[in-house]
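Quick mapping for you: the protein sequence lines, in order, are chains A and B.
Its first residue numbered 1, the first sequence is counted upward by one per residue in our numbering.
Its first residue numbered 1001, the second sequence is counted upward by one per residue in our numbering.
This report concerns only the one structure given below.
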Amino acid sequence: GESVGLHLPTLSVQEGDNSIINCAYSNSASDYFIWYKQESGKGPQFIIDIRSNMDKRQGQRVTVLLNKTVKHLSLQIAATQPGDSAVYFCAEYRRTGKLIFGQGTELSVKP
Amino acid sequence: DARVTQTPRHKVTEMGQEVTMRCQPILGHNTVFWYRQTMMQGLELLAYFRNRAPLDDSGMPKDRFSAEMPDATLATLKIQPSEPRDSAVYFCASGLVASGGELFFGEGSRLTVL
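Structure, rendered in structure tokens:
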């Protein structure tokens, strides 16, 4: 079936460096895409979303890029901090109202 | 501080027993989702509701799982009979139709079926 997948299961970065988490998707008929952060023992938490008619959106220390040509999504975190350590999921919001999650990338921040 | 509340937080039961998980969505939210999380399968969508009406429950094993919203303040997920492969963390999330994919998740119910 259709899915939203991630390129790498783990990512380790040095504190202060920028992090880039990637995601590939297969469904072209989606309203928009969302990034969630899940800390250990907690539920996922919304970070940022991007509509399918956009190619870039910025938030506080985060930027999401959408490349519809190659069906690729990325989350960039600037000046990564220890508190950013978590599992990051991309998710796809479909017009039916479904929200489908990818497999997740675990981000570890080394002090 | 509005949040989604799930009970129980932890449940250990034996195979064949009935399990009911409950969720109180954020007041005013009109969409409710149930997800199951395991290491192997990640976050799987089981069912979701809009204005208390079930829109899609194709992710659930129909013979043993059922999801309902008796009223706007309560969503339930029932497993009968439970099996060891049902062991997972079950998350409930709520949101607004207008906000699309921005959901607020509960802390989850960790289920262990022996």
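Heads up, the beta-carbon is just placed ideally off N, CA and C, and yes, glycines get one too.
Small disclaimer: the values here were computed from a predicted structure and weren't measured.
- request: Could you check the C-alpha separation between S40(A) and F1105(B) for me, to the nearest Å?
  value: Looking up residue 40(A) in the first sequence gives position 40. Looking up residue 1105(B) in the second sequence gives position 105. So the two alpha carbons sit approximately 14 angstroms from each other.
task: Pull out every residue of the stretch 1046 to 1057 of chain B whose Cβ sits closer than 7 angstroms to any Cβ of chain A, in chain order.
output: Y1048, R1050, L1055, D1056
- prompt: Which runs of the beta strand (DSSP E) spanning at least 3 residues fall entirely within the stretch 32 to 105 of chain A, listed in chain order?
  reply: The stretch 32 to 105 of chain A contains these whole beta strand (DSSP E) runs: 45 to 51, 56 to 58, 62 to 67, 72 to 77, 86 to 94, 99 to 101.
task: Kindly list the residues whose CB is nearer than 7 angstroms to the CB of E1107(B), restricted to its own chain and excluding five residues on each side of it in sequence; keep chain order.
output: Locating residue 1107(B) in the second sequence gives position 107, where the first residue counts as 1. Cβ neighbours of E1107(B) beyond the five flanking positions: Q1006, R1009.
- prompt: What do you get for H7(A), buried or exposed, if any count of 16 or more other CB atoms within 10 angstroms of its CB means buried?
  reply: Along the first sequence, read from residue 1 onward, the residue named residue 7(A) stands at position 7. In this prediction, H7(A) has a pLDDT of 48, which is less than 50 and means its spatial position is unreliable; what the coordinates show is noted afterwards. By the neighbour-count rule (16 or more Cβ atoms within 10 Å), H7(A) is not buried but exposed.
query: With a cut-off of 8 angstroms, does the C-beta of I34(A) fall near any C-beta of chain B?
result: Taking the first sequence and counting its residues from 1, the one referred to as residue 34(A) is at position 34. Closer than 8 angstroms to some Cβ of chain B, the Cβ of I34(A) qualifies, so yes.
- request: Mind reading off the beta-carbon distance from N123(A) to R95(A)? Whole number of angstroms is fine, and I expect it under 8 angstroms.
  value: The question about residue 123(A) has no answer, for chain A in this structure spans 1 to 111.
message: Counting only C-beta atoms, is F1091(B) closer than 8 angstroms to chain A at any point?
response: Here the question's residue 1091(B) lines up with position 91 in the second sequence. Judged by the 8 angstroms Cβ criterion, F1091(B) is in contact with chain A.
- prompt: Given E1083(B), which residues of its chain have a CB within under 7 angstroms of its CB, disregarding the five upstream and five downstream residues?
  reply: The residue labelled residue 1083(B) in the question sits at position 83 within the second sequence. Excluding sequence neighbours, E1083(B) sits near M1015, V1113.
query: What does a CB cutoff of less than 8 angstroms around E15(A) pick up in its chain, not counting 5 residues either side in sequence?
result: Start at 1 with the first residue of the first sequence, and residue 15(A) comes out as number 15. Excluding sequence neighbours, E15(A) sits near T80, Q81, P82, V109, K110, P111.
- request: Could you check the C-alpha separation between G1117(B) and T1020(B) for me, to the nearest Å?
  value: Since the first residue shown for chain B is 1001 and the last is 1114, residue 1117(B) is missing from the structure and cannot be characterised.
message: Quick check: L107(A) and I21(A), are their CB atoms within less than 8 angstroms of each other?
response: Position 107 of the first sequence, counted from the start, is the residue given in the question as residue 107(A). Position 21 of the first sequence, counted from the start, is the residue given in the question as residue 21(A). Yes.
task: Go ahead and pull the three-state DSSP assignment for P1084(B).
output: Position 84 of the second sequence, counting from 1, holds the residue named residue 1084(B). Of the three classes helix, strand and coil, the one that applies to P1084(B) here is helix, per DSSP.
task: Compare the beta carbon distance of W1034(B) and A1047(B) with 8 angstroms and say whether it is the shorter of the two.
output: Within the second sequence, residue 1034(B) is the residue found at index 34, counting from 1. Within the second sequence, residue 1047(B) is the residue found at index 47, counting from 1. Yes, they are a contact pair.
query: At a CB-CB cut-off below 8 angstroms, which residues of chain A make contact with L1027(B)?
result: Counted from its first residue, the second sequence places residue 1027(B) at position 27. None at all; the shortest Cβ gap to chain A is about 18 angstroms.
message: Mapping the DSSP letters down to three states, classify S12(A) as helix, strand or coil.
response: Here the question's residue 12(A) lines up with position 12 in the first sequence. Here S12(A) sits in strand by DSSP.
message: Considering only the alpha carbon of each residue, which of S1109(B), M1039(B), R1110(B), S1099(B) lies closest to G1028(B)?
response: The sequence position of residue 1028(B) within the second sequence is 28, counting from 1. Here the closest residue by C-alpha is S1099(B).
field: Same chain, Cβ closer than 6 angstroms to G104(A), neighbours up to 5 away in sequence not counted
entry: Counting from 1 along the first sequence, the entry for residue 104(A) is found at position 104. Correct list, in chain order: V87, F89.
query: Among K1011(B), P1025(B), E1018(B), which one has its Cα closest to the Cα of P1070(B)?
result: As a first step, residue 1070(B) is located in the second sequence; it is residue number 70 there, counting from the start. Checking every option, the nearest Cα to that of P1070(B) belongs to P1025(B).
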